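Trainee: Mapping the sequence shown onto our numbering, position 304 (from 1) lands on 304, and the numbers just tick up by one. Ideal Cβ placement from N, Cα and C applies to all residues, glycine included. Because the structure is a prediction, the values reported are computed rather than measured. Submitted below is the structure of interest, expressed as structure tokens.
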Amino acid sequence: MRTLSKTTIGHMCAVVATMAAMIAPAATASAAEEYPDVMLGVFTNSSKDATDTFYMSTDGVHFEKISQAFTDLTPNDASSNAAVGSKQDGRTWNLYSFVCPSIIWHDGYFWMLANESNSGNDHTLRLVMSNSKDLVHWSDQKPIKVQVPNDTVSNGNGNQFDAVAADWAVMPNGKIAVVASLGRYGGFHAQPEKDTMYPYMTVIDSLAATNDPSVNAKRNDFSVSVQRARKINLPTGSTNRIDGSWYFENDTAYLTIKRNGVTNEIWKTPADLVQPRWTAVNSNVITGHEAPSLTKFNGRYLMFTDELSTWTPDDHIRQPYYATGTWSQSSARLESGWSSARLLDAYDHTGRRLTNNAKHNAEGDGPRHGTVITVTDPTAKKIIWQQRARVGWSSTQKLYDYWDVNSKTAHVDDITWLSDTGITTGFSDGSFRGMNSIVRQDMAAFLYRLAGSPSFDVSKTRNPFRDVTSKTPHYKEILWLASTGITTGWTERDGSKTFRGMNAVTRQDMAAFLHRFYQKYPEHVKQLNTGMQRDFSDVDARTPHADDIVWLATTGISTGWRERDGSYTYRGMKPVVRQDMAAFLHRLSNKS
């Protein structure tokens with residue numbers, strides 16, 4: 001059988017293994033405690049180090065290493081992916097890292113999938129499987145042959161074809177869908193990036209096991225019933241589709257796949273896959289990446305892709321970065337609204353960062369080329385969370401509402417409070433953007449919610465601002481703010497009033513807003529201690545809103561900056577960032 005060189009990882013995924021099937025006694029799953037839902041990702045460390053590594057995440061950006069499966073014997077050699085245990089402990093066969101692993105939870109086990117890179121002369125797709133009960137001990141890999149129709153798919157060598165990028169997911173009916181791309185993969189024939197590849201699918205009707213890899217890894221007595229492979233005929237033609245991946249939701253199957261080497265698209269069809277009727281969902285989620293993996297967590301879709309090290313939109317604008325690594329995007333809808341890509345931040349329990357994304361290090365960087373799934377099964381969640389604790393992570397992990405907020409974020413507790421009270425819901429891409437300046441129209445919304453979202457009829461209120469219409473974001477809240485006298489806006493040269501909703505709120509204006517709110521809505525604020533003394537060297541009687549700034553300081557809501565000479569400054573013209581505003585509002589409010 002043909003062994004896949006790790007140097008081809010940048011364009012596809014396949015693995016070779018020689019295995020033995022044996023039988024072990026049945027294992028009984030213990031009762032599971034309730035643990036939070038979590039995302040589980042399995043990735044290849046890098047092109048050189050093909051070790052299959054598992055991470056967990058609760059935001060889709062920060063990934064904590066919890067275990068690994070098949071450890072690369074030669075982590076500094078991109079030409080081999082033989083794994084620890086090869087021809088050891090009585091084995092006469094090698095083990096291999098999966099290189100581009102796909103993961104599911106099914107029937108009390110975690111299962112990994114890959115495929116062999118060549119069909120052989122019997123024209124079969126050769127899937128490779130392994131299972132585990134604890135994400136640490138994995139059974140020796142077992143090959144499963146899938147019959148492929150004797151059609152035109154070929155690599156030009158007789159009855160053979162190349163196979164890459166096997167992926168699977170559990171269907172709503174309990175069966176398992178598999179996708180892989182077959183044809184001629186240029187990298188195998190000294191013609192890199194000149195591929196003629198087509199997606200094929202098959203359905204595993206049943207997959208079961210009775211082995212326990214922690215007792216005997218060599219016993220891989222899987223029972224598998226698999227259907228004949230079928231070509232996936234997507235309406236928009238292409239002779240090069242690779243890296244297909246499944247995601248199922250309700251009665252719909254979603255296929256994410258890379259088209260023409262660079263563009264990642266989403267298709268859908270009824271979930272039973274009996275008679276597929278493919279419809280385009282999104283023709284370009286991201287370009288210049290590969291190996292898409294789609295999931296949904298806490299009501300948001302997340303797409304994970306691997307940066308193409310050699311891709312560039314135009315060589316005359318910039319040269320390729322020759323960098324790689326996994327990136328994530330999020331959206332409330334599959335069709336549109338995807339956020340910009342964010343580099344996955346992987347690290348271990350010691351705090352060592354495992355993501356570098358360094359230029360000119362395409363073979364040595366990662367994690368990359370993997371899959372991420374959302375785990376909701378109680379038993380599976382228990383295994384993940386307990387493994388996290390076992391390797392040395394802290395006993396608890398705070399779950400944050402935003403992917404860009406974590407324990408190290410400034411004013412993280414205040415941001416959490418702001419979200420818990422409903423004063424903010426963040427942005428549509430799931431971010432809080434704490435270092436962004438807060439704009440005046442958003443400030444109006446924050447103060448309206450801080451006041452308990454009082455009943456307010458805009459139709460009975462005069463709009464004093466010429467730059468505010470019913471289409472202005474937070475229109476109602478802006479008019480409410482004006483009606484309370486908390487804001488008066490600007491008087492322009494022609495005598496008209498403007499609100500300037502997209503202007504950043506400066507610190508001196510914030511002082512006025514909060515002081516007026518305190519006076520207007522005493523039932524929504526704390527009993528503040530006004531005995532603090534703090535003189536700001538940059539505030540005097542001529543400073544706009546000087547009295548409000550003094551009040552803010554005496555209450556302790558703002559302490560300003562301590563300068564090198566020991567004096568304090570307020571920096572009134574400096575814009576207020578969102579994470580600081582969270583702190584100011586929390587110190588003022590009596591909401592719990």
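For MET573, does the three-state DSSP call read helix, strand or coil?
Mentor: The answer is coil: DSSP assigns MET573 none of H, G, I, E or B.
Trainee: Cβ atoms of TYR521 and TRP551: under 9 Å apart, would you say?
Mentor: No, the pair does not count as a contact, with Cβ atoms beyond the cut-off.
Trainee: Among LYS296, ARG493, ARG440, ALA512, which one has its Cα closest to the Cα of ALA553?
Mentor: Comparing Cα positions, the closest option is ALA512.
Trainee: Under 9 Å between the Cβ atoms of VAL576 and MET510?
Mentor: Going by C-beta atoms, VAL576 is nearer than 9 Å to MET510.
Trainee: Quick one: Cα of TRP138 to Cα of PHE54, how far?
Mentor: Distance between the alpha carbons of TRP138 and PHE54: 12 Å.
Trainee: Going by the CB atoms, is the gap between PHE446 and ASP467 shorter than 9 Å?
Mentor: It is not a contact, given that the beta carbons lie outside the stated cut-off.
Trainee: Excluding five sequence neighbours on each side, which residues of the same chain lie with their C-beta closer than 7 Å to the C-beta of ALA583?
Mentor: Answer for ALA583: HIS411, ASP414, listed in chain order.
Trainee: Using a Cβ distance threshold of 8 Å, determine whether the segment 317 to 326 contacts the segment 352 to 368, with at least three qualifying pairs required.
Mentor: Result yes; three or more Cβ-Cβ pairs closer than 8 Å.
Trainee: Across the segment 210 to 225 and the segment 187 to 197, are there enough close Cβ pairs to call them in contact, namely three or more that are closer than 8 Å?
Mentor: With the cut-off at 8 Å, the segment 210 to 225 and the segment 187 to 197 do not touch.
Trainee: Does the beta-carbon of PHE427 have 16 or more other beta-carbons within 10 angstroms, so that it is buried, or is it exposed?
Mentor: With fewer than 16 Cβ atoms within 10 Å of its Cβ, PHE427 is classed as exposed.
Trainee: For ARG184, count neighbouring Cβ atoms within 10 angstroms of its own Cβ and tell me buried if that reaches 16, exposed if not.
Mentor: By the neighbour-count rule (16 or more Cβ atoms within 10 Å), ARG184 is buried.
Trainee: When the Cβ atoms of the segment 329 to 339 are set against those of the segment 417 to 431, are three or more pairs found closer than 8 Å?
Mentor: Counting Cβ pairs under 8 Å, three or more are found: they touch.
Trainee: Does DSSP classify GLY186 as helix, strand or coil?
Mentor: Three-state result, GLY186: helix.
Trainee: In this structure, does DSSP put TYR448 in helix, strand or coil?
Mentor: Three-state DSSP puts TYR448 in a helix.
Trainee: Does the distance from the C-beta atom of GLY60 to that of VAL372 stay below 9 Å?
Mentor: Yes, Cβ-Cβ distance for GLY60 and VAL372 is below 9 Å.
Trainee: Can you give the Cα-Cα distance for LEU127 and GLU116, rounded to whole angstroms?
Mentor: Cα to Cα, the separation comes out at about 6 Å.
Trainee: What three-state label does DSSP hand GLU265 in the structure shown?
Mentor: If DSSP states are grouped into helix, strand and coil, GLU265 belongs with the strands.
Trainee: For LEU207, which of helix, strand or coil comes out of DSSP?
Mentor: It is a strand residue.
Trainee: Let's test the definition: count the other Cβ atoms within 10 Å of the Cβ of PRO235 and tell me whether it reaches 16, buried, or not, exposed.
Mentor: Exposed, since its Cβ has fewer than 16 Cβ neighbours within 10 Å.
Trainee: Span of the alpha helix (DSSP H) holding ASP167?
Mentor: Run containing ASP167: none in the alpha helix (DSSP H); it sits in the beta strand (DSSP E), 162 to 170.
Trainee: Terminal residues of the continuous alpha helix (DSSP H) containing TYR518?
Mentor: Taken as a continuous stretch (DSSP letters only), the alpha helix (DSSP H) holding TYR518 covers 507 to 520.
Trainee: For SER245, which of helix, strand or coil comes out of DSSP?
Mentor: In the structure shown, SER245 sits in a strand (DSSP, three-state: E or B).
Trainee: Assign GLN508 to buried or exposed, taking buried as 16 or more other Cβ atoms, counted over all protein chains shown, within 10 Å of its Cβ.
Mentor: Buried, because 16 or more other Cβ atoms sit within 10 Å of the Cβ of GLN508.
Trainee: Does the beta-carbon distance from ARG587 to THR555 come in below 9 Å?
Mentor: In contact: ARG587 and THR555 (Cβ atoms closer than 9 Å).
Trainee: With a threshold of 8 Å on Cβ separation, who are the neighbours of GLN160 within its own chain once the five nearest residues in sequence on each side are excluded?
Mentor: Closer than 8 Å at the Cβ level, and outside the excluded window around GLN160, lie ASN118, SER119, GLY120, ASN121, HIS123, SER154.
Trainee: Can you list, in chain order, the residues of its chain whose CB lies under 7 Å from that of SER558, leaving out five sequence neighbours each side?
Mentor: Hits under 7 Å: LEU552, PHE584.
Trainee: If you draw a straight line from the alpha carbon of PHE304 to that of LYS48, how long is it in whole angstroms?
Mentor: If I take the Cα positions, the gap works out to 21 Å.
Trainee: Give, in chain order, every unbroken run of the alpha helix (DSSP H) that is at least 4 residues long and sits entirely within the segment 349 to 380.
Mentor: For the segment 349 to 380, not a single whole alpha helix (DSSP H) run of length 4 or above is found.
Trainee: Can you say whether ARG388 is buried or exposed, counting buried as having 16 or more other CB atoms within 10 angstroms of its CB?
Mentor: Result: buried.
Trainee: Assign LYS194 to buried or exposed, taking buried as 16 or more other Cβ atoms, counted over all protein chains shown, within 10 Å of its Cβ.
Mentor: LYS194 comes out exposed.
Trainee: Quick one, which of PRO192, GLY489, VAL148 has its alpha-carbon nearest SER181's?
Mentor: Of the candidates PRO192, GLY489, VAL148, the one whose C-alpha sits nearest the C-alpha of SER181 is VAL148.
Trainee: So what does DSSP say about PHE584, is it helix, strand or coil?
Mentor: Here PHE584 sits in helix by DSSP.
Trainee: CB-CB under 6 Å to THR484, same chain, minus the five flanking residues each way: which ones, in chain order?
Mentor: Same-chain partners within the cutoff: LYS520.
Trainee: Identify which residue in SER238, ASP243, VAL170, ARG241 has its Cα closest to the Cα of THR596.
Mentor: One cannot answer for residue 596 here, as it falls past the ends of the chain, which runs 1 to 592.
Trainee: In terms of residue numbering, what span does the alpha helix (DSSP H) encompassing ALA553 cover?
Mentor: Unbroken alpha helix (DSSP H) run through ALA553: 546 to 555.
Trainee: Counting Cβ pairs, one atom from each stretch, are 3 or more of them under 8 Å apart for the segment 471 to 479 and the segment 538 to 551?
Mentor: In short, these stretches do not touch, since the Cβ pair count stays below three.
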